[in-house]
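Chains as they are written, first to last, in this note's numbering: chain A, 1 to 285; chain B, 1001 to 1368.
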Amino acid sequence: MAYLELNNIYKSYNQADGETEVLSNINLKIEEGEFVAIVGFTGSGKTTLVNLINGLIKPTSGEVLFKGVPVDGTSHERGVIFQNYSLLPWLTVGQNVFMAVKEAFPDKNKKELQEIVANYVEMVSLTPAINKRPNELSGGMRQRVAVARALAMKPEMIIMDEPLGALDALTRGNLQDEILNIWGKDKRTALLITNDVDEGIYMADRIIPLRPGPNATLGPEFKIDLERPRDKTEMNDNPNFKKTRNEIIEYLMDIGNERKSEAKEPYILPELEPKDFVNQFKFGR
Amino acid sequence: MSASLTLNKVTNFLGLRIFSTLKDLFTGKLEKEEFKNFLRKTIVPLASILLFIGLWHLGAKSLYNTEATFKIEKALQDQGLEAANALEACIASGESSCQPNTLPSPSQVWESFQSLLRDHNIISADKAAFIEKTAAMNEKRIAAGKDAIVYTGRPSFVDQIFKSLQTVFAGFLLALLIAVPLGIFIGLSPTLKSAFNWFIQIFKPVSPVVWYLLVFMIVKTLLIGSSEDSSFTISFISVGLCSMWATLVNTAMGVSSVDKDYINVAKVLKLGTFQKIFKVVLPSSLPLIFTGLKITLSVAWMVLIAIELLAQSPGLGLFVWEEFQNGANDSNAKIIVAMFVIGIIGFLLDRLMLMIQNWVSFDKQDAI
């Protein structure tokens, strides 16, 4: 039995102009301790997939099994790092993390909870900013707070929805390492949703492309056979890395081309001739 | 340094940056580029105030002349030349009994303002003397289980201002206590929203006068047999009911339009309903709630005058009405004084709300 299992997931939204199909025929198995990345184009239904797994929405048909039990609503066992940080702007860094910790460990007293908060804020090296509000922080710092908040609840599985999408390349690299470090310490199961193939290869054990929607479905998986800890600069010379990377990118390019050629109906241009503005005003000639 | 910082803070809160700029001018701290800014922020408002007073003065003078000419001509037609000449002489001499009754000039208003203050001093001295005189007797009466003797003299203008403020705050508090919780419930539940929507849409535009009459009908019956003066109760309830709609609508809107991300956070953290409301929904809708409260307070202050007048409840509204009925020589000037006082207090109340809003809200706003 897999740790997390998605069986024949189909998801559609009812809208005013009929049903919009977002995901169909999604099958996925993630083993305990695995780091899986799902790579896809923007707008391919990645966030819907994440919300199905963390329990914010329910599939139209099919089932999501977590440790063999169907997912019904959110759970502290599955920590989520949202795409847009989703920190509460009226709380300080410490308070944002504290609120999560308090919910996750209702039995602990205030002092113990504050210790946990301090530890996790320290882990993402934000101790000097613990009393600041999110709007006083940079994007990278905010995302680190979101990471601390998700991890401080000690979830068994971490679900990341394009967590580094809005960050610049340098901050991105640093945070990738930080997340990997934390993941490596106690080998929790992790699911990363991303649009960056290199990020997926660097971080995950397996990469699964998400074919773009409507009716998005998962493509064939790619195993990443690279020793951990991985080194970014060395990785670039590794033939194995190059091969996997090329395969994935080729696959995604093919999907992209398919998608273009799918738009079969050609635009019929109206028959118009440009007006002759030059001669129009030449009267009396 | 710290003193000047405090001054800046206070003036910024009040929106009166003029004072700090003036201070900078005298202490020589003003930069050259700031001078233009200073001109715009200080000289222009001052000039417009002077212009306003000037136009007012001229307008009042012209109205005075029109009224005087009309009066003299009327006397000429009705009573003959002699009476008309006597009246003309009387008006020219400034005798108060025959002055034309029209828009008072700025100087008359200023004089009335000072006379109202003098009147207040006299009344408060009188009151203090009365309290001192009756103190010993009251002690005995209370010891004997009887009611104390209280001062029942005429209230001064300043007393009436405070009475009005009391009514407005009581009404505002009532509006807050009804509208904020109700707004939260309506905002949270679509069912309640459709249940209350017609109610809000229909009663929101109802005039303060009608609210007063409605409250009067109900309170009168509820207080049957009670000898207490119900005018204060009636007026503050009417003020509250008139003014609560803005808060109700804004609260409901703020609560129902909380950012989806925050709701998702609340779900992922599995916050309880109570926690969700107090930790996520309310803080995020505070800016809108405060916008509603600000409108509520200014509406409350605005309708107060009309309602006090109807309810015969002591306060500025009654003051204005009594002066109008009174028709004494300086009544018009006193009405204008009341107008300015009402305006200035309304402005200060608005600033007060903005101050509280900035203090409690995460979403820092500049003074508008």
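Positions of the beta carbon are idealized from the N, C-alpha and C atoms, including for glycine.
| Query | Result |
| --- | --- |
| Do we get a CB-CB distance below 8 Å when we pair A/Ser86 with the residues of chain B? | yes |
| Starting from A/Glu32 and walking both ways along the beta strand (DSSP E), at which residues does that stretch end? | That residue, A/Glu32, is in no beta strand (DSSP E); it is neither H nor E in DSSP. |
| Run the CB neighbour count on A/Met253, radius 10 Å, all protein chains shown included, and call it buried at 16 or more, exposed below. | exposed |
| How would you write the range of the alpha helix (DSSP H) that B/Asn1250 sits in, first residue to last? | 1231-1256 |
| In the DSSP assignment, what residue or residues form a beta bridge with A/Gly18? | A/Gln15 |
| Using a Cβ-Cβ cut-off of 7 Å (strictly less than) and excluding sequence neighbours within five positions of B/Ile1305, which residues of its own chain qualify? | Leu1316, Gly1317, Val1320, Ile1342 |
| Mapping DSSP to helix, strand and coil, what is B/Ser1207? | coil |
| Smallest Cα separation from B/Ile1218: which of B/Pro1205, B/Pro1155, B/Thr1233? | B/Thr1233 |
| Please state if the CB of A/Val124 and the CB of A/Gly94 are separated by a distance shorter than 8 Å. | no |
| Could you spell out the range, first to last residue, of the beta strand (DSSP E) harbouring A/Ala148? | Counting along the chain, A/Ala148 falls outside any beta strand (DSSP E), though it belongs to the alpha helix (DSSP H) covering 139-152. |
| According to DSSP, is A/Thr60 helix, strand or coil? | coil |
| Taking the alpha carbon of A/Asp205 as the reference point, which residue from A/Gly43, A/Met141, A/Gly184, A/Lys67 has its own alpha carbon closest? | A/Gly184 |
| Where A/Lys275 and A/Leu269 are concerned, what is the direct C-alpha to C-alpha distance, given to the nearest angstrom? | 17 Å |
| Spell out whether any CB of chain B is found under 8 Å from the CB atom of A/Asn54. | yes |
| Would A/Met160 pass as a contact of A/Ile30 if the rule is Cβ separation under 8 Å? | no |
| Run down chain A in chain order and give the residues with a C-beta less than 9 Å from the C-beta of B/Lys1270. | Gly73, Thr74, Ser75, His76, Glu103, Ala104 |
| Looking at the C-beta of B/Met1001, does it have a partner C-beta in chain A at a distance below 8 Å? | Summary for B/Met1001: the model assigns pLDDT 45, below 50, so the residue's position carries little reliability; its value from the coordinates is reported in the next sentence. No, because no Cβ of chain A sits closer than 8 Å to the Cβ of B/Met1001. |
| Going by DSSP, name the residue or residues bridged to A/Phe66. | A/Leu4, A/Val69 |
| How many Å lie between B/Glu1033 and B/Val1044 at the Cα? | 17 Å |
| By the 10 Å Cβ neighbour count, where 16 or more other Cβ atoms means buried, how is B/Asn1369 classified, buried or exposed? | Here chain B covers residues 1001 to 1368 and nothing more, so residue 1369 of chain B does not appear. |
| Identify whether A/Tyr291 lies in helix, strand or coil by the three-state DSSP scheme. | No answer is possible for residue 291 of chain A: it lies beyond the span of chain A, which begins at 1 and ends at 285. |
| Closest Cβ-Cβ distance between B/Lys1279 and chain A: below 8 Å? | yes |
| Which full runs of the alpha helix (DSSP H) of 4+ residues lie inside the region 169-210 of chain A, going along the chain? | 169-186, 197-203 |
| Tell me the residue span of the alpha helix (DSSP H) that contains A/Arg228. | Looking at the DSSP string, A/Arg228 is not in any alpha helix (DSSP H), and its letter there is neither H nor E. |
| Using a Cβ distance threshold of 8 Å, determine whether the region 1122-1131 of chain B contacts the region 1282-1295 of chain B, with at least three qualifying pairs required. | no |
| Residues of chain A with CB closer than 9 Å to the CB of B/Pro1283, please, in chain order. | Leu88, Pro89, Trp90, Leu91 |
| Looking only at C-alpha atoms, which of A/Glu199, A/Pro155, A/Pro163 sits nearest to A/Gly33? | A/Pro155 |
| Which same chain residues end up closer than 6 Å to B/Val1180 when comparing Cβ atoms and leaving out the 5 residues on each side of it in sequence? | Thr1251 |
| Round the Cβ separation of A/Ile290 and A/Leu218 to the nearest angstrom and send it over; I've been treating them as touching at under 8 Å. | It is not possible to answer for residue 290 of chain A, since the shown part of chain A is limited to 1 through 285. |
| Apart from the five residues on each side of it in sequence, which residues of its chain come closer than 8 Å, Cβ to Cβ, to A/Leu151? | Gly79, Tyr120, Met123, Ile158, Ile182 |
| Output the distance between the C-alpha atoms of B/Gly1332 and B/Leu1354, rounded to the nearest integer angstrom. | Reading off the sequence shown, one finds Asn at residue 1332 of chain B, where the question assumed Gly. B/Asn1332 and B/Leu1354: Cα-Cα distance of roughly 33 Å. |
| Among residues of its own chain, excluding the 5 on either side of B/Trp1245, which ones have a beta-carbon nearer than 6 Å to its beta-carbon? | Lys1204 |
| Where do the N-terminal and C-terminal ends of the beta strand (DSSP E) with B/Arg1154 fall, by residue? | No beta strand (DSSP E) holds B/Arg1154; DSSP gives it neither H nor E. |
| In chain B, which residues lie with their C-beta within 8 Å of the C-beta of A/Phe98? | Neighbours of A/Phe98 on chain B: none; closest Cβ ~11 Å, over 8 Å. |
| Going along the chain, which residues of its own chain have a beta-carbon closer than 8 Å to the beta-carbon of B/His1120, five neighbours each way excluded? | Ser1156, Phe1157, Val1158, Asp1159 |
| Across which residues does DSSP place B/Val1219 in a beta bridge pair? | In the DSSP output, where bridge partners are listed per residue, B/Val1219 has none listed. |
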